[in-house]
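S.K.:
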Amino acid sequence: MSDFNLYFTLGREHIANITALDHILFIAALCTRYQFADWKKILILVTAFTIGHSITLALSVLNVVHFSARWIEFLIPVTILITAISNFFVKKFVFKAKFPVIYFFALFFGLIHGLGFSNYLKSLLGKDQNIIWQLFAFNCGLEVGQLIIVLIILVIAFIMVQIFSVNRRDYLLFLSAVIIALSLEMCLQRMPFHF
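When we follow the numbering used here, the leftmost residue of the sequence shown carries the number 109, and every step to the right adds one.
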């Protein structure tokens with residue numbers, strides 16, 4: 109069981125770490141429109157993202173798919189940018205659809221982020237038959253780390269909106285604008301082509 113704990117901890121620390129700023133920004137862009145009452149929607153979003161990156165992470169680590177690391181590192185901030193821009197189109201904080209489009213975005217963008225995790229994980233995984241168990245433990249750790257980040261985001265939003273009386277939409281737009289600026293800078297730094 110110590111193998112599970114090791115890879116679980118690696119997964120949690122990989123995502124809940126300031127060096128994983130791009131993944132933290134994506135989770136923030138994805139979840140900042142929600143509040144504590146929306147916990148079921150948030151859990152579905154984060155799980156859809158985890159499923160997406162688990163699929164490509166496994167396929168890449170098992171050498172089923174191959175990709176250009178430069179392009180993936182560029183596409184990750186693009187996913188952040190698109191998600192943050194989508195927050196500007198939230199008119200009401202009532203989500204009537206049973207399965208909003210954002211769940212598909214979380215799943216699809218998770219596929220891209222999973223490819224980004226794979227280079228990191230390939231260097232850590234053993235070459236034995238426990239690779240599936242190690243992947244599972246790593247993904248469980250990622251999920252827990254993401255939920256910790258979501259909890260922090262929700263607490264900050266609660267403090268800003270409920271205690272400091274910041275307008276909820278203004279808070280969403282401000283945070284999204286900051287995320288857009290940071291993700292644009294990342295896009296420029298990671299551009300895989302030159303003009």
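All C-beta atoms, glycine included, are put in the ideal place defined by N, C-alpha and C.
So, does the segment 269 to 288 touch the segment 184 to 195, judging by three or more C-beta pairs under 8 Å?
M.R.: Counting Cβ pairs under 8 Å, three or more are found: they touch.
S.K.: Mapping DSSP to helix, strand and coil, what is residue 142?
M.R.: The count along the sequence shown starts at 1 and reaches residue 142 at position 34. Three-state result, residue 142: coil.
S.K.: Can you give me the start and stop residues for the alpha helix (DSSP H) that residue 199 sits inside?
M.R.: Your numbering for residue 199 matches position 91 in the sequence shown. Where residue 199 is concerned, there is no enclosing alpha helix (DSSP H), given that its DSSP letter is neither H nor E.
S.K.: On the CB-based measure, 16 or more other CB atoms within 10 Å of its CB, does residue 294 come out buried or exposed?
M.R.: To locate residue 294, count along the sequence shown from 1; it is residue 186. Classification for residue 294: buried.
S.K.: Alpha carbons only, please: which of 144, 183, 255 and 119 is nearest the one belonging to residue 220?
M.R.: Numbered from its first residue, the sequence shown carries residue 220 at position 112. Nearest C-alpha to residue 220: 183.
S.K.: Going straight from the alpha carbon of residue 127 to that of residue 121, what length do you get?
M.R.: To locate residue 127, count along the sequence shown from 1; it is residue 19. To locate residue 121, count along the sequence shown from 1; it is residue 13. Each residue's Cα considered, the two are about 10 Å apart.
S.K.: Are the CB atoms of residue 190 and residue 217 nearer to each other than 9 Å?
M.R.: Taking the first residue of the sequence shown as position 1, residue 190 is located at position 82. Taking the first residue of the sequence shown as position 1, residue 217 is located at position 109. Yes; because the gap between Cβ atoms is below 9 Å, this pair is in contact.
S.K.: Helix, strand or coil: how does DSSP classify residue 302 here?
M.R.: The count along the sequence shown starts at 1 and reaches residue 302 at position 194. The answer is coil: DSSP assigns residue 302 none of H, G, I, E or B.
S.K.: Taking residue 255 as the reference, give the member of 114, 152, 160 and 110 with the closest Cα.
M.R.: Start at 1 with the first residue of the sequence shown, and residue 255 comes out as number 147. It is 152.
S.K.: Buried or exposed for residue 297, going by 16 or more other Cβ atoms inside 10 Å?
M.R.: Taking the sequence shown and counting its residues from 1, one reaches residue 297 at position 189. So residue 297 counts as exposed.
S.K.: Figure out for me which residue from 227, 258 and 273 has the closest Cα to the Cα of residue 176.
M.R.: Within the sequence shown, the letter at position 68 stands for residue 176. That would be 227, whose Cα lies nearest to the Cα of residue 176.
S.K.: Going by DSSP, what residue range makes up the alpha helix (DSSP H) through residue 169?
M.R.: Here the question's residue 169 lines up with position 61 in the sequence shown. Taken as a continuous stretch (DSSP letters only), the alpha helix (DSSP H) holding residue 169 covers 147 to 169.
S.K.: Do residue 242 and residue 233 come within 9 Å of each other at the CB atom, strictly closer than that value?
M.R.: Counting from 1 along the sequence shown, the entry for residue 233 is found at position 125. Counting from 1 along the sequence shown, the entry for residue 242 is found at position 134. Yes. Within cutoff.
S.K.: Go through the segment 208 to 248 residue by residue and report every complete run of the alpha helix (DSSP H) that reaches 4 residues or more, in order.
M.R.: Correct list: 209 to 230.
S.K.: So, is residue 161 buried or exposed, given that buried needs 16 or more other C-beta atoms within 10 angstroms?
M.R.: By one-based count along the sequence shown, residue 161 stands at place 53. Residue 161 is buried by the Cβ-count criterion.
S.K.: Measure the beta-carbon distance from residue 139 to residue 258 and round it to whole angstroms, keeping in mind my assumption that it falls under 8 Å.
M.R.: The count along the sequence shown starts at 1 and reaches residue 139 at position 31. The count along the sequence shown starts at 1 and reaches residue 258 at position 150. Going by Cβ atoms, the distance from residue 139 to residue 258 rounds to 5 Å, so yes, they are a contact pair.
S.K.: Between residue 287 and residue 137, which are expected to be in contact by the criterion C-beta below 8 Å, what is the C-beta distance as a whole number of angstroms?
M.R.: Locating residue 287 in the sequence shown gives position 179, where the first residue counts as 1. Locating residue 137 in the sequence shown gives position 29, where the first residue counts as 1. That belief holds up - the Cβ atoms of residue 287 and residue 137 are roughly 5 Å apart, short of 8 Å.
S.K.: Distance, Cα to Cα, residue 269 vs residue 132?
M.R.: To locate residue 269, count along the sequence shown from 1; it is residue 161. To locate residue 132, count along the sequence shown from 1; it is residue 24. Between residue 269 and residue 132, the C-alpha separation is close to 21 Å.
S.K.: Could you check if residue 168 is buried or exposed, using at least 16 other CB atoms within 10 Å of its CB as the buried criterion?
M.R.: Position 60 of the sequence shown, counted from the start, is the residue given in the question as residue 168. Classification of residue 168: buried, given that the 10 Å Cβ count is 16 or more.
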